[in-house]
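In the numbering used here, the protein residues as written are 1403 to 1714.
No residue lacks a Cβ here, since even glycine has one placed at the ideal position from N, Cα and C.
One structure below.
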Amino acid sequence: MRIVTRVAEMRTACDEARRAGRTVGLVPTMGFLHAGHRSLMRAAREECDFVVVTLFVNPSQFAPGEDLGAYPRDPEGDAAVSRAEGVDLLFTPMVEEMYPEPGRTTVHVDGLTARLCGASRPTHFDGVTTVVAKLFSIAGPCRAYFGRKDAQQLAVVTRMATDLNLAVTVIGCPLVREADGVALSTRNAYLGAEEREAATALARALRRVAAEIVEGERDAAVVRGIVIDTIASQPLLTLDYAEVVDGVSLEPVTRLSGTVLVAIAVKVGRTRLIDNATFTFEGADKGVDEDDGVIADLGSTCSRADAGSGDS
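Shown next, in the form of C-alpha coordinates:
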(Lines of atoms letter the chains of each structure in order from A and count residues from 1; the text may use other names and numbers.)
(Lines give C-alpha, C1' and ligand atoms only; values in the text may rest on other atoms or scores of the structure.)
Protein backbone atom coordinates (compact mmCIF):
# COMPACT_ATOMS: atom_id res chain seq x y z
CA MET A 1 0.00 0.00 0.00
CA ARG A 2 1.28 3.43 -0.96
CA ILE A 3 0.59 6.44 1.26
CA VAL A 4 0.53 9.79 -0.53
CA THR A 5 -0.17 13.29 0.74
CA ARG A 6 -0.24 15.36 -2.45
CA VAL A 7 -3.14 15.90 -4.83
CA ALA A 8 -0.87 15.40 -7.82
CA GLU A 9 0.37 12.06 -6.47
CA MET A 10 -3.14 10.71 -6.00
CA ARG A 11 -4.28 11.93 -9.41
CA THR A 12 -1.26 10.37 -11.11
CA ALA A 13 -1.71 7.04 -9.33
CA CYS A 14 -5.38 6.81 -10.35
CA ASP A 15 -4.61 7.83 -13.93
CA GLU A 16 -1.85 5.20 -14.15
CA ALA A 17 -4.20 2.52 -12.80
CA ARG A 18 -6.81 3.28 -15.46
CA ARG A 19 -4.21 3.36 -18.22
CA ALA A 20 -3.23 -0.15 -17.11
CA GLY A 21 -6.85 -1.22 -17.57
CA ARG A 22 -7.71 -1.25 -13.87
CA THR A 23 -10.94 0.07 -12.38
CA VAL A 24 -10.65 2.54 -9.50
CA GLY A 25 -12.68 2.29 -6.29
CA LEU A 26 -12.73 5.33 -4.00
CA VAL A 27 -13.63 5.28 -0.28
CA PRO A 28 -13.71 8.83 1.15
CA THR A 29 -13.42 8.94 4.96
CA MET A 30 -12.49 11.27 7.79
CA GLY A 31 -10.42 8.56 9.41
CA PHE A 32 -10.62 6.88 12.84
CA LEU A 33 -11.67 3.84 10.85
CA HIS A 34 -14.13 1.28 12.21
CA ALA A 35 -15.97 -1.79 10.92
CA GLY A 36 -18.32 0.38 8.88
CA HIS A 37 -15.39 1.81 6.96
CA ARG A 38 -13.96 -1.68 6.57
CA SER A 39 -17.19 -2.79 4.92
CA LEU A 40 -16.82 0.00 2.35
CA MET A 41 -13.24 -1.04 1.63
CA ARG A 42 -14.30 -4.65 1.20
CA ALA A 43 -17.07 -3.65 -1.21
CA ALA A 44 -14.57 -1.62 -3.22
CA ARG A 45 -12.04 -4.46 -3.13
CA GLU A 46 -14.63 -6.94 -4.45
CA GLU A 47 -15.69 -4.71 -7.34
CA CYS A 48 -12.57 -2.75 -8.30
CA ASP A 49 -8.95 -3.43 -9.22
CA PHE A 50 -7.37 -0.39 -7.55
CA VAL A 51 -8.76 0.75 -4.19
CA VAL A 52 -8.13 4.24 -2.86
CA VAL A 53 -9.03 5.35 0.68
CA THR A 54 -8.89 9.01 1.61
CA LEU A 55 -8.35 10.23 5.18
CA PHE A 56 -9.23 13.89 5.55
CA VAL A 57 -11.02 15.64 8.38
CA ASN A 58 -12.68 18.31 6.28
CA PRO A 59 -12.94 21.63 8.17
CA SER A 60 -15.51 23.12 5.80
CA GLN A 61 -18.23 20.72 6.95
CA PHE A 62 -17.89 21.71 10.61
CA ALA A 63 -19.70 24.79 11.85
CA PRO A 64 -18.16 27.06 14.52
CA GLY A 65 -18.52 25.40 17.91
CA GLU A 66 -18.70 21.87 16.47
CA ASP A 67 -16.13 19.17 17.23
CA LEU A 68 -13.52 19.80 14.54
CA GLY A 69 -10.68 20.09 17.05
CA ALA A 70 -11.83 17.12 19.12
CA TYR A 71 -12.70 14.83 16.22
CA PRO A 72 -10.93 11.49 16.89
CA ARG A 73 -7.81 10.83 14.86
CA ASP A 74 -5.57 7.77 14.63
CA PRO A 75 -3.46 7.96 11.46
CA GLU A 76 -1.22 5.01 12.32
CA GLY A 77 -4.19 2.82 13.20
CA ASP A 78 -6.00 3.92 10.04
CA ALA A 79 -3.01 2.97 7.91
CA ALA A 80 -2.90 -0.46 9.56
CA VAL A 81 -6.63 -1.02 8.95
CA SER A 82 -6.35 0.07 5.33
CA ARG A 83 -3.35 -2.16 4.73
CA ALA A 84 -5.15 -5.13 6.29
CA GLU A 85 -8.13 -4.57 3.96
CA GLY A 86 -5.96 -4.67 0.87
CA VAL A 87 -6.13 -0.98 0.01
CA ASP A 88 -3.75 0.04 -2.77
CA LEU A 89 -3.46 3.77 -2.10
CA LEU A 90 -4.02 5.83 1.04
CA PHE A 91 -4.46 9.57 0.48
CA THR A 92 -3.79 11.61 3.64
CA PRO A 93 -3.59 15.29 2.65
CA MET A 94 -3.12 18.21 5.00
CA VAL A 95 -5.72 20.97 5.04
CA GLU A 96 -3.28 23.24 3.18
CA GLU A 97 -3.06 20.70 0.36
CA MET A 98 -6.81 20.45 -0.13
CA TYR A 99 -7.44 24.16 0.42
CA PRO A 100 -4.24 26.00 -0.62
CA GLU A 101 -6.17 29.28 -0.79
CA PRO A 102 -9.43 30.46 0.76
CA GLY A 103 -12.14 28.92 -1.40
CA ARG A 104 -14.34 31.04 -3.63
CA THR A 105 -16.28 28.08 -5.02
CA THR A 106 -18.88 26.06 -3.16
CA VAL A 107 -20.93 23.13 -4.44
CA HIS A 108 -24.53 23.33 -3.27
CA VAL A 109 -27.29 20.77 -3.85
CA ASP A 110 -30.62 22.52 -3.48
CA GLY A 111 -33.64 20.95 -1.81
CA LEU A 112 -32.07 17.73 -0.56
CA THR A 113 -29.96 19.66 1.94
CA ALA A 114 -32.76 21.75 3.45
CA ARG A 115 -34.31 19.20 5.80
CA LEU A 116 -33.12 16.58 8.28
CA CYS A 117 -29.49 17.27 9.24
CA GLY A 118 -29.41 20.30 6.94
CA ALA A 119 -31.97 22.10 9.10
CA SER A 120 -29.79 22.03 12.22
CA ARG A 121 -26.43 22.10 10.37
CA PRO A 122 -27.13 24.56 7.54
CA THR A 123 -23.53 24.83 6.30
CA HIS A 124 -22.65 21.16 6.66
CA PHE A 125 -23.66 19.73 3.31
CA ASP A 126 -22.06 22.50 1.27
CA GLY A 127 -18.81 21.53 2.97
CA VAL A 128 -19.42 17.85 2.22
CA THR A 129 -20.34 18.29 -1.43
CA THR A 130 -17.48 20.70 -2.07
CA VAL A 131 -14.81 18.39 -0.67
CA VAL A 132 -16.35 15.30 -2.28
CA ALA A 133 -16.46 17.09 -5.63
CA LYS A 134 -12.76 17.85 -5.17
CA LEU A 135 -12.00 14.21 -4.35
CA PHE A 136 -14.01 13.02 -7.36
CA SER A 137 -12.08 15.47 -9.54
CA ILE A 138 -8.73 14.26 -8.19
CA ALA A 139 -9.57 10.55 -8.45
CA GLY A 140 -11.18 10.80 -11.89
CA PRO A 141 -13.54 8.13 -13.27
CA CYS A 142 -14.25 5.66 -10.50
CA ARG A 143 -16.78 3.93 -8.27
CA ALA A 144 -17.19 5.76 -4.94
CA TYR A 145 -18.45 3.99 -1.82
CA PHE A 146 -20.53 5.63 0.94
CA GLY A 147 -22.37 4.14 3.91
CA ARG A 148 -26.15 4.32 4.22
CA LYS A 149 -25.88 5.40 7.86
CA ASP A 150 -25.43 8.91 6.44
CA ALA A 151 -28.49 8.46 4.23
CA GLN A 152 -28.93 12.15 3.49
CA GLN A 153 -25.26 12.52 2.58
CA LEU A 154 -25.57 9.56 0.21
CA ALA A 155 -28.62 11.11 -1.48
CA VAL A 156 -26.93 14.49 -1.77
CA VAL A 157 -23.66 13.15 -3.17
CA THR A 158 -25.51 10.92 -5.63
CA ARG A 159 -27.57 13.84 -6.92
CA MET A 160 -24.48 16.05 -7.18
CA ALA A 161 -22.67 13.46 -9.29
CA THR A 162 -25.71 13.11 -11.55
CA ASP A 163 -26.37 16.83 -11.93
CA LEU A 164 -22.74 17.62 -12.73
CA ASN A 165 -22.29 14.66 -15.10
CA LEU A 166 -19.33 13.45 -13.07
CA ALA A 167 -17.67 10.25 -14.27
CA VAL A 168 -18.30 8.64 -10.90
CA THR A 169 -20.72 5.90 -9.92
CA VAL A 170 -21.83 6.43 -6.32
CA ILE A 171 -22.45 3.17 -4.44
CA GLY A 172 -24.48 3.06 -1.23
CA CYS A 173 -23.38 0.31 1.17
CA PRO A 174 -25.35 -1.14 4.11
CA LEU A 175 -25.38 0.54 7.49
CA VAL A 176 -23.35 -1.46 10.02
CA ARG A 177 -24.35 -1.80 13.68
CA GLU A 178 -22.52 -2.75 16.82
CA ALA A 179 -23.65 -5.71 18.93
CA ASP A 180 -26.03 -3.54 20.98
CA GLY A 181 -27.66 -2.16 17.83
CA VAL A 182 -26.01 1.27 17.87
CA ALA A 183 -25.06 2.36 14.35
CA LEU A 184 -21.31 2.45 13.94
CA SER A 185 -19.98 5.99 14.04
CA THR A 186 -16.67 7.62 14.86
CA ARG A 187 -18.52 9.82 17.34
CA ASN A 188 -19.56 6.78 19.40
CA ALA A 189 -16.12 7.16 20.98
CA TYR A 190 -17.44 10.24 22.81
CA LEU A 191 -20.13 8.28 24.69
CA GLY A 192 -19.91 7.41 28.36
CA ALA A 193 -21.46 4.17 29.66
CA GLU A 194 -24.86 5.69 30.49
CA GLU A 195 -24.93 7.66 27.26
CA ARG A 196 -24.11 4.52 25.30
CA GLU A 197 -27.00 2.68 26.91
CA ALA A 198 -29.32 5.57 26.10
CA ALA A 199 -28.13 5.56 22.48
CA THR A 200 -29.56 2.06 21.96
CA ALA A 201 -33.00 3.71 21.91
CA LEU A 202 -32.42 4.80 18.29
CA ALA A 203 -32.17 1.25 16.99
CA ARG A 204 -34.96 0.19 19.32
CA ALA A 205 -37.22 2.87 17.83
CA LEU A 206 -36.47 1.63 14.32
CA ARG A 207 -37.17 -1.97 15.30
CA ARG A 208 -40.52 -0.91 16.75
CA VAL A 209 -41.31 0.96 13.56
CA ALA A 210 -40.35 -2.07 11.45
CA ALA A 211 -42.62 -4.34 13.47
CA GLU A 212 -45.60 -1.97 13.07
CA ILE A 213 -45.00 -1.52 9.35
CA VAL A 214 -44.78 -5.26 8.76
CA GLU A 215 -48.09 -5.57 10.62
CA GLY A 216 -49.62 -3.14 8.13
CA GLU A 217 -49.10 0.39 9.49
CA ARG A 218 -48.89 2.92 6.63
CA ASP A 219 -49.60 6.23 8.36
CA ALA A 220 -46.39 8.31 8.47
CA ALA A 221 -47.64 10.30 11.48
CA VAL A 222 -48.08 7.11 13.48
CA VAL A 223 -44.61 5.90 12.50
CA ARG A 224 -43.09 9.21 13.48
CA GLY A 225 -44.95 9.11 16.80
CA ILE A 226 -43.44 5.70 17.59
CA VAL A 227 -39.95 7.14 17.12
CA ILE A 228 -40.69 10.23 19.21
CA ASP A 229 -42.16 8.18 22.06
CA THR A 230 -39.24 5.75 22.11
CA ILE A 231 -36.65 8.51 22.18
CA ALA A 232 -38.62 10.37 24.89
CA SER A 233 -38.35 7.28 27.10
CA GLN A 234 -34.64 7.99 27.48
CA PRO A 235 -34.09 11.20 29.50
CA LEU A 236 -30.47 11.49 28.38
CA LEU A 237 -31.56 11.90 24.75
CA THR A 238 -32.71 15.18 23.19
CA LEU A 239 -34.50 14.72 19.89
CA ASP A 240 -33.23 16.81 16.98
CA TYR A 241 -35.60 15.31 14.44
CA ALA A 242 -37.69 12.25 13.64
CA GLU A 243 -38.78 12.29 10.00
CA VAL A 244 -40.54 9.99 7.58
CA VAL A 245 -39.56 10.98 4.05
CA ASP A 246 -39.43 9.75 0.48
CA GLY A 247 -36.29 7.68 -0.01
CA VAL A 248 -35.16 9.64 -3.07
CA SER A 249 -36.47 13.21 -2.78
CA LEU A 250 -36.27 13.31 1.05
CA GLU A 251 -39.59 15.15 1.04
CA PRO A 252 -42.04 14.35 3.86
CA VAL A 253 -44.70 11.74 3.16
CA THR A 254 -48.07 11.20 4.79
CA ARG A 255 -48.65 7.65 3.56
CA LEU A 256 -46.00 4.95 3.25
CA SER A 257 -45.44 3.55 -0.23
CA GLY A 258 -42.58 3.06 -2.66
CA THR A 259 -39.30 3.60 -0.80
CA VAL A 260 -39.44 5.43 2.52
CA LEU A 261 -36.66 6.59 4.84
CA VAL A 262 -37.28 6.84 8.58
CA ALA A 263 -34.51 9.08 9.91
CA ILE A 264 -33.56 10.10 13.46
CA ALA A 265 -31.08 12.53 14.99
CA VAL A 266 -30.52 13.06 18.71
CA LYS A 267 -28.12 14.77 21.08
CA VAL A 268 -26.76 12.79 23.99
CA GLY A 269 -24.47 14.87 26.12
CA ARG A 270 -22.14 16.67 23.69
CA THR A 271 -22.59 14.03 21.00
CA ARG A 272 -24.95 14.14 18.03
CA LEU A 273 -26.03 10.75 16.70
CA ILE A 274 -28.01 9.80 13.60
CA ASP A 275 -29.69 6.58 12.53
CA ASN A 276 -32.16 5.46 9.90
CA ALA A 277 -34.00 2.60 8.27
CA THR A 278 -35.29 2.21 4.74
CA PHE A 279 -38.57 0.47 3.89
CA THR A 280 -39.54 -0.63 0.41
CA PHE A 281 -43.21 -1.37 -0.23
CA GLU A 282 -43.60 -3.78 -3.09
CA GLY A 283 -46.77 -3.44 -5.12
CA ALA A 284 -47.43 0.08 -3.86
CA ASP A 285 -47.92 1.22 -7.44
CA LYS A 286 -50.98 -1.04 -7.53
CA GLY A 287 -52.58 1.12 -4.86
CA VAL A 288 -53.15 -1.69 -2.38
CA ASP A 289 -50.97 -0.59 0.53
CA GLU A 290 -52.43 -3.06 3.01
CA ASP A 291 -51.36 -6.08 0.94
CA ASP A 292 -47.89 -4.91 -0.01
CA GLY A 293 -44.86 -6.98 0.71
CA VAL A 294 -42.29 -5.06 2.78
CA ILE A 295 -38.52 -5.06 2.62
CA ALA A 296 -37.15 -3.49 5.78
CA ASP A 297 -33.49 -2.48 5.79
CA LEU A 298 -32.22 -1.61 9.26
CA GLY A 299 -28.59 -2.17 8.37
CA SER A 300 -27.08 -5.30 9.87
CA THR A 301 -30.57 -6.82 9.93
CA CYS A 302 -32.50 -6.91 6.67
CA SER A 303 -35.87 -8.63 6.57
CA ARG A 304 -38.50 -9.34 3.99
CA ALA A 305 -42.07 -10.17 4.92
CA ASP A 306 -45.69 -9.86 3.84
CA ALA A 307 -47.56 -7.13 5.68
CA GLY A 308 -49.73 -8.62 8.39
CA SER A 309 -47.68 -11.81 8.68
CA GLY A 310 -45.98 -10.80 11.92
CA ASP A 311 -42.55 -11.78 10.55
CA SER A 312 -39.65 -9.34 10.76
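Supposed close pair residue i, residue j - CB separation, criterion 8 Å
i       : j       : result
VAL1455 : VAL1429 : 5 Å
ASP1417 : GLY1513 : With a Cβ gap of about 34 Å, ASP1417 and GLY1513 do not count as contacting.
ARG1545 : THR1673 : Incorrect: roughly 32 Å between the Cβ atoms, too far for contact.
ALA1622 : VAL1655 : 5 Å
SER1587 : LEU1675 : 7 Å
ALA1445 : ILE1573 : 7 Å
Range of the contiguous beta strand (DSSP E) that encloses residue i
i       : result
PHE1404 : Going by the sequence as given, residue 1404 is Arg instead of Phe. Unbroken beta strand (DSSP E) run through ARG1404: 1404-1406.
VAL1696 : 1695-1699
THR1414 : Element bounds for THR1414: not the beta strand (DSSP E) but the alpha helix (DSSP H), 1409-1421.
THR1588 : Counting along the chain, THR1588 falls outside any beta strand (DSSP E), and DSSP gives it neither H nor E.
LEU1428 : 1426-1431
THR1571 : 1570-1575
Outcome for residue i when other beta-carbon atoms lying within 10 angstroms are tallied against a minimum of 16
i       : result
VAL1497 : exposed
ASP1565 : exposed
PRO1495 : buried
THR1645 : The sequence given here has Glu at residue 1645, not Thr. It counts as buried.
GLU1487 : buried
SER1522 : exposed
ASP1699 : buried
ASP1469 : exposed
VAL1650 : exposed
ARG1561 : buried
THR1414 : exposed
ASP1552 : buried
THR1508 : exposed
ARG1506 : exposed
ASP1490 : buried
GLY1529 : buried
ALA1557 : buried
ARG1550 : buried
Sub-8 Å separation of residue i and residue j beta-carbons
i       : j       : result
ARG1610 : GLY1701 : no
GLN1555 : PHE1548 : yes
THR1525 : VAL1511 : no
VAL1406 : PHE1493 : yes
ALA1601 : VAL1624 : no
VAL1533 : GLN1636 : no
MET1432 : SER1484 : no
LEU1652 : ARG1447 : no
GLU1684 : ILE1697 : yes
PRO1474 : LEU1457 : no
ASP1677 : LEU1608 : yes
ILE1633 : LEU1639 : yes
GLU1503 : VAL1409 : no
ALA1581 : ALA1679 : no
PHE1681 : ILE1628 : no
Start-to-end residues for the alpha helix (DSSP H) that takes in residue i
i       : result
THR1564 : 1553-1565
Closer than 8 Å to chain D by CB, residue i
i       : result
ASN1590 : In the displayed structure, chain D is absent; only one protein chain is listed.
### Message
To test your reading of the DSSP string, which unbroken beta strand (DSSP E) runs of 3 or more residues are found completely within the region 1448-1501?
### Response
1452-1457, 1491-1493
### Message
My parser needs the alpha helix (DSSP H) runs of 4 or more residues fully inside the region 1604-1642; what are they?
### Response
1622-1634
### Query
Taking only runs of the alpha helix (DSSP H) that begin and end inside the region 1508-1547, which ones reach a length of at least 4 residues, in chain order?
1519-1522, 1526-1541
### Query
Which parts of the region 1662-1688 are runs of the beta strand (DSSP E), unbroken and 3 residues or longer, counting only runs that do not cross its ends?
1673-1684
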